[in-house]
């Protein structure tokens, strides 16, 4: 099933808005709402990028940060 890039973009924008709301109302440094919102942004970004690529053979100039990556690569 192919996702419409416009629908995926709206979901990405909504996840960014939710992330900001979670950060603004953060209750502690390790607030689980902020962490959940962070991962929701990452997930919706990947869906949008995939949809954009499938529909238009276009990619985005951003890479998602992966905690597991070796810092020596850079």
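In this note's numbering, the protein residues as written are 63 to 136.
Built from N, CA and C at the ideal position, the CB exists for glycine as well.
Does DSSP put residue i in a helix, in a strand, or in coil?
i: residue 107; result: helix
i: residue 136; result: Since pLDDT at residue 136 reaches only 46, below the 50 mark, its modelled position is unreliable, and no value is offered.
i: residue 93; result: coil
Using CA coordinates, which residue listed in the options is at the minimum distance from residue i?
i: residue 103; options: 117, 126, 66, 65; result: 126
Assuming residue i contacts residue j under a Cβ cut-off of 8 Å, what Cβ separation, rounded to an integer in Å, is found between them?
i: residue 110; j: residue 76; result: 11 Å between Cβ atoms; not a contact.
Expressed to the nearest angstrom, what Euclidean distance is found between the alpha-carbon atoms of residue i and residue j?
i: residue 113; j: residue 106; result: 10 Å
i: residue 128; j: residue 120; result: 22 Å
i: residue 91; j: residue 73; result: 26 Å
i: residue 88; j: residue 101; result: 16 Å
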